[in-house]
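Enquirer: What follows is a single structure, and I will ask about it in a moment.
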Amino acid sequence: MADGKKSEANNDASKDGKDAKDAKNPKAQDQQAPKPEEKIKQLEELLKQKDKKITELESDLKWARADFDNFRKSTERRMDVEKEAMNGKLMKDLLPFFDTFDKAIQAAKEIVDQDGGMSDTLKKFFGGLESLYKNLNDILETRNLKRMSPLGKKFDYNYHEVMAQVEDASLPEDTIVQVIQQGWLLNGKVLRPAMVAVSRKPAKAETPPPETACNPPDATGQGLSSEAMKKKDPGTGNIHTDPDIS
């Protein structure tokens, strides 16, 4: 046991002697410590790695933002389309009501034109009806729902449906001469096409076949054949039945 303690004491003394020797030898210390240039290179390499990592994270963040922005825009477009479709369906369901209202106003005007006037009660009634009609049209305009005005215009299959044809030589062909059912536009698009009657040129009269030449009548009043005309005596006007007479 005394030998072990002695050995440890010798090792400590040897280590202390080595440290003292190294302290006295600055070259040995310089060889062990990293040079400043190497330290700078290590730091620069670490900075490059960190900059690369930051660039990658920034790129990932940009792509994530772009994906989210595309998703947001796509969702907004889909919602706008669905909203427009629902609005169009609602407006289309109301079109028969608007058509009936138009007919009521037209009937009121016809009554005034025919009778030359109306009683005070009817005047008040139709006055209220016209006010209501005007308010309704104002609401329709705010909803971008508009009536078509095709009368007198050329037929366009994108906006009109032909229900009848009317012969009229004074108008160009396919001119709309009557509106059978009102057409409607919603946001500039066709909600319901107008049903119309269009003009067409009158059919040309067929030329009758030329009549055959009529031979002068004989004594009985009947027309003569060409063969009988050859056998007719120019002097007497009698017809010869003898085949030898030419």
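Numbering (numbering that gives the first Met the number 0), first residue to last: 0 to 245.
The beta-carbon is built from N, C-alpha and C at its ideal position, and this holds for glycine as well.
As a quick exercise: from 181, 145, 57, pick the residue whose alpha carbon is nearest that of residue 187.
Expert: What you label residue 187 is simply residue 188 of the sequence shown in a count that begins at 1. It is 145 whose Cα lies nearest to the Cα of residue 187.
Enquirer: Would you please state the rounded distance, in angstroms, between the beta carbons of residue 154 and residue 189? I believe it to be under 8 Å.
Expert: Taking the sequence shown and counting its residues from 1, one reaches residue 154 at position 155. Taking the sequence shown and counting its residues from 1, one reaches residue 189 at position 190. About 14 Å; that fails the 8 Å criterion.
Enquirer: Cutting at 6 Å between CB atoms, please list the residues of its own chain near residue 131, excluding the five before and the five after it.
Expert: For the purposes of this step, residue 131 is taken as residue 132 along the sequence shown, with counting starting at 1. Around residue 131: no qualifying Cβ.
Enquirer: Pull up the DSSP beta-bridge partners for residue 194, would you.
Expert: Within the sequence shown, the letter at position 195 stands for residue 194. Residue 194 is bridged to 160, 180.
Enquirer: What are the partner residues of residue 146, as DSSP defines its beta bridges?
Expert: Within the sequence shown, the letter at position 147 stands for residue 146. Looking at the DSSP assignment, residue 146 forms a beta bridge with 183.
Enquirer: Give the DSSP-derived three-state secondary structure of residue 188 in the structure shown.
Expert: Reading the sequence shown from its first residue, position 189 is the one you call residue 188. Residue 188: strand per DSSP, three-state reduction.
Enquirer: Alpha carbon to alpha carbon, how far is residue 147 from residue 194? Give it in angstroms, no decimals.
Expert: Working through the sequence shown from its first residue, we reach residue 194 at position 195. Working through the sequence shown from its first residue, we reach residue 147 at position 148. Near 11 Å, if we compare the C-alpha coordinates of residue 147 and residue 194.
Enquirer: When you compare the CB of residue 146 with every CB in chain D, is at least one pair closer than 8 Å?
Expert: The structure shown contains no chain D, having only a single protein chain.
Enquirer: Which same chain residues, not among the five before or five after residue 202, have their C-beta less than 8 Å away from its C-beta?
Expert: Residue mapping note: residue 202 aligns to position 203 of the sequence shown, counting from 1. Excluding sequence neighbours, residue 202 sits near 166.
Enquirer: In the structure shown, what three-state DSSP assignment does residue 172 receive?
Expert: Translated into the one-based positions of the sequence shown, residue 172 becomes position 173. Coil at residue 172, not helix or strand.
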